[in-house]
Amino acid sequence: TCAIDQYGGQGYDLSDVKVGFSQSEAESNPFRITETESIKAEAQERGVELITSNAQSDFSRQITDVQDLISQGAEVLIIAPLNSDGWKPVLDETRERGIPIITVDRAINGTACEDFVTFIGSDFAEQGRRAADKTIEALDGEGEVAILLGTAGNNVTTQRTEGFKERIGAEAPGIEIVFEQSGDFTREGGQSVTEQLVQSDPGIDAIYAQNDEMGIGAVTALEGAGKGPGDVAIVTVDGTRGAVEYIIDGWIHAVIESNPRFGPLAFEAAEAFGSGEEVGTNLIITDREYDASNAEAEVGDAY
Ligand code: GYE
Numbered sequence: 066t067c068a069i070d071q072y073g074g075q076g077y078d079l080s081d082v083k084v085g086f087s088q089s090e091a092e093s094n095p096f097r098i099t100e101t102e103s104i105k106a107e108a109q110e111r112g113v114e115l116i117t118s119n120a121q122s123d124f125s126r127q128i129t130d131v132q133d134l135i136s137q138g139a140e141v142l143i144i145a146p147l148n149s150d151g152w153k154p155v156l157d158e159t160r161e162r163g164i165p166i167i168t169v170d171r172a173i174n175g176t177a178c179e180d181f182v183t184f185i186g187s188d189f190a191e192q193g194r195r196a197a198d199k200t201i202e203a204l205d206g207e208g209e210v211a212i213l214l215g216t217a218g219n220n221v222t223t224q225r226t227e228g229f230k231e232r233i234g235a236e237a238p239g240i241e242i243v244f245e246q247s248g249d250f251t252r253e254g255g256q257s258v259t260e261q262l263v264q265s266d267p268g269i270d271a272i273y274a275q276n277d278e279m280g281i282g283a284v285t286a287l288e289g290a291g292k293g294p295g296d297v298a299i300v301t302v303d304g305t306r307g308a309v310e311y312i313i314d315g316w317i318h319a320v321i322e323s324n325p326r327f328g329p330l331a332f333e334a335a336e337a338f339g340s341g342e343e344v345g346t347n348l349i350i351t352d353r354e355y356d357a358s359n360a361e362a363e364v365g366d367a368y
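The opening position of the sequence shown corresponds to residue 66 in full-length UniProt numbering, with each subsequent residue numbered one higher.
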């Protein structure tokens with residue numbers, strides 16, 4: 066846990082301070098749209114003044130974004146980090162001023178309660194293991210799988226990969242991971258990597274896409290290559306509306322949710338921290354999952 070007297074800085078009443086939110090990636094991905102909306106809605110509900118920025122997937126821009134939020138008077142920061150390393154210029158400043166940082170969805174590498182107060186996000190290794198379970202189920206334990214990796218340089222991609230490989234290695238000797246390439250968490254990236262994949266390996270049995278956007282791009286590529294729904298078992302992570310609709314259409318086998326609705330948790334932590342309470346330094350959000358058994362009934366809960 067972390068309390069304000071350990072971290073340095075001064076207690077505050079959340080309704081009296083300005084909160085800065087730094088978004089990492091462009092809001093073409095529903096995960097990002099929903100995350101930003103959740104932060105904004107919670108600020109509004111609590112009557113907290115919020116200033117925001119979006120780094121458009123440019124890490125050096127995110128560093129200056131956060132520095133700008135500080136010079137605009139942000140006394141509490143909620144950061145969705147693009148990369149996990151490289152935060153020193155910001156951390157030097159926030160440590161000196163005692164500005165609490167809450168990171169959401171990706172982690173900043175550093176020491177909790179020194180470099181940042183808390184990380185709020187999913188258990189990404191568990192998402193990888195759950196994606197593996199769904200892949201094993203779809204393939205009946207036999208076949209070749211390709212991984213569409215997320216962007217490099219963050220804990221999400223690393224842990225979604227580790228969890229997946231760990232479970233496949235332990236539970237499915239008949240499944241071989243034959244291809245791994247980054248589709249950069251984007252739809253276009255997922256599509257172009259899958260186009261290369263089906264050219265070099267037309268018999269591929271399954272694809273594990275580390276987010277829905279890449280999975281949706283993969284569907285476009287497979288359709289372009291003359292494949293039909295179910296020819297390649299696709300398992301993805303996020304829980305966007307578009308991906309869950311592809312379960313109903315038979316293209317996607319399962320979607321493991323990555324829940325982006327961090328607003329309530331983030332502001333609750335910021336409030337508790339300001340009033341001197343101890344806050345957990347690793348707060349895990351609950352993720353559901355979708356497959357053919359619930360997609361139709363629950364697509365309305367997807368974002
Ligand atoms: O899965 C993906 C986004 O960091 C958890 O980043 C997040 C991931 C999410 O680009 O869609």
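Heads up, the beta-carbon is just placed ideally off N, CA and C, and yes, glycines get one too. Because the structure is a prediction, the values reported are computed rather than measured.
Closer than 7 Å: residue i CB and nearest the ligand GYE heavy atom
i    : result
V221 : yes
D352 : no
S323 : yes
E90  : yes
R171 : yes
F338 : no
N359 : no
E278 : yes
N148 : no
F96  : yes
V302 : yes
F184 : no
F86  : no
F250 : yes
Residues that residue i bridges to, as DSSP identifies them
i    : result
G85  : I116 and L142
Y355 : V320
C67  : V344
G186 : I349
I212 : E245 and Y273
A177 : F181
Of the listed residues the options, nearest to residue i (C-alpha basis)
i    : options                   : result
E107 : F327, F338, A357 and S358 : F327
R162 : S358, A145, S149 and F181 : F181
T183 : I201, A145, G151 and G218 : A145
Q275 : G73, E191, T101 and Y72   : E191
I212 : N220, N219, G218 and T200 : T200
I98  : D366, T305 and G315       : T305
R252 : A283, P267, G239 and A235 : A283
P294 : G307, P267, I312 and E236 : I312
S265 : S187, V243 and G151       : V243
G307 : G345, P267, R353 and A360 : A360
G74  : A235, G234 and F338       : F338
E158 : S149, E179 and R171       : E179
T216 : E102, F124 and T176       : F124
I185 : V221, R194, Y72 and T346  : T346
N219 : R160, R171, Y368 and F332 : R171
G208 : E227, T223, G291 and I269 : I269
I69  : R126, G341 and E354       : G341
D205 : A290, Q71, A237 and V263  : A237
Q224 : R195, E241, G248 and V210 : R195
E245 : F229, E278 and G239       : F229
Chain-order list of residues whose beta-carbon lies under 6 Å from that of residue i (same chain, five-residue window excluded)
i    : result
V364 : V309
E260 : A286
A319 : K199, V300 and D356
Q137 : I116
I349 : D188
F96  : D303 and P325
D150 : N174
G315 : P294 and G295
8 Å CB neighbourhood of residue i in its chain, flanking five on each side removed
i    : result
A351 : Per the sequence presented here, residue 351 reads as Thr, with Ala not at that position. Cβ neighbours of T351 beyond the five flanking positions: N324.
A335 : L79, V84, V141, I143, P165 and I167
D133 : S118
A203 : A271, A298, V300, H318 and A319
Contacts around residue i, its chain only, beta-carbon distance under 7 Å, and the 5 residues preceding and following it disregarded
i    : result
F86  : I104, L115, T117 and I143
P154 : I128
V344 : T66, C67, V182, T183, A334, A337 and F338
N148 : F124, G218 and N219
Near the ligand PLP: residue i beta-carbon under 7 Å from a heavy atom
i    : result
F124 : Summarising the ligand content, the structure contains the ligand GYE and does not contain the ligand PLP.
**OP:** Could you tell me which uninterrupted beta strand (DSSP E) segments, each at least 3 residues in length, are contained entirely in the segment 269 to 333, listed from first to last along the chain?
**Re:** 271 to 274, 298 to 303 and 319 to 322
Original post:
At which residue ranges does the segment 235 to 272 contain complete alpha helix (DSSP H) runs of 4 or more residues, listed in the order of the chain?
Top reply: 252 to 265
**OP:** Can you check the segment 124 to 169 for any alpha helix (DSSP H) of at least 4 residues that lies completely inside it and give the ranges in chain order?
**Re:** 124 to 136 and 153 to 162
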